[in-house]
Structures are given as structure tokens and as C-alpha cells.
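With mature numbering (1 follows the signal peptide of the UniProt record, and there is no 0) as the guide, the letters of the sequence shown map in order to residues -24 to -1, 1 to 119. Contents: one structure, followed by commentary.
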Amino acid sequence: MRMTVLAAAAAAAILLCGSVGAKAASLVAKVNVGTQTMTVSQNGHVLYRWKVSTARRGYVTPRGTYRPQRLHRMWYSRKYEMSPMPYSVFYHGGYAIHGTGAVKSLGRPASHGCVRLHTANAATFYALVKQAGMGNTRIVVTN
């Protein structure tokens, strides 16, 4: 009898969550390439909406849903002449969300593929990812 109750509870959890142990990301960054904006939500509540720069002509910002892979308070791009990438949140190989000094370009495509934002906003996002944890963070890049 006890096993039947446990099995019923497990079945209910699967129906509610989609799978055993499934957990929605508490922190979500949605990058909209079309509008050149990033919306940051935590537990379903919008916290921030910032201008960004994604890939300019001839480059690509990959679309999809990602989990952060690594964080660097300061990173220097070996591929692009040691360009500084403060508060980097790498999410897909060499692609990251990071700060930039080129704030006049925010709101239009200007990068080699990374998602660039004002350095103060990058610091805020970086701190949120550290607080929530990489496993509880999703980065969604759409048109």
C-alpha cells in the first residue's frame, strides 16, 4: 500500500514538473536580436531590460537556449586583439554576454557575435548569475 502512495506522488510530480527533478531556471536572460535588447527575469518577474549589441553584418550571434558555461570577472579575447570583456558570462563556446566600452553602439548590431552591454549592466548580470548559480540560469537568444 505504501509503495502505491509513493508511486502516485511520483506520477503527480512528473505531471506537474514534466519530469522527476525538473526545475525551472530561476534566472532567465532573453536576448532579442531583432530589438537589440536583453530582458532579465528572476522567478518570472522582470528585473531589467537593457540595450545590447549583437553580431554585425558578416558575423553571427547563435540563437537558442543555453546554460552559462563559465564566468570571468575580466577576460581578454585572444581572437580579437586582446579586447577586454569585463564581467563575461560564457554560454556557447567562445560566445559570451559581457560589458563593453563602446556604449554608443548599444541598441544596434556591432559585435563579432557576443552580446555586449553597458559594463555596469554586465556587472549586475554577472552578480545575478553568481547568486542564482549557473545551473539555475538560462540564456535565451531569439530574433
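The beta-carbon is built from N, C-alpha and C at its ideal position, and this holds for glycine as well.
#### Entry: Distance between residue 74 and residue 111 (C-alpha atoms, nearest Å)
Roughly 19 Å between the two C-alpha positions.
### Task
Return yes when the Cβ of residue 18 is within less than 7 Å of the Cβ of residue 2, no when it is not.
A contact, by the Cβ cut-off of 7 Å.
### Task
Note down, in chain order, each residue of its chain lying with its Cβ closer than 7 Å to the Cβ of residue 53, except the 5 sequence neighbours on either side.
In the same chain as residue 53, and ignoring 5 residues on each side of it, the C-beta atoms closer than 7 Å to its own belong to 59, 61, in chain order.
### Other residues of its chain near residue 23: CB distance less than 7 Å, five sequence neighbours each side excluded
For residue 23, the CB contacts under 7 Å within the same chain, skipping 5 residues up- and downstream, are 16, 17 in chain order.
#### Entry: Exposure label - residue 38; buried when at least 16 CB within 10 Å
Around the beta-carbon of residue 38, fewer than 16 other beta-carbon atoms lie within 10 Å, marking it exposed.
#### Entry: Beta-carbon proximity list for residue 47, same chain, < 8 Å, skipping 5 on both sides
A distance below 8 Å between beta-carbons, with the five flanking residues on each side excluded, links residue 47 to the following residues of its chain, in chain order: 64, 65, 66, 102, 105, 106, 110.
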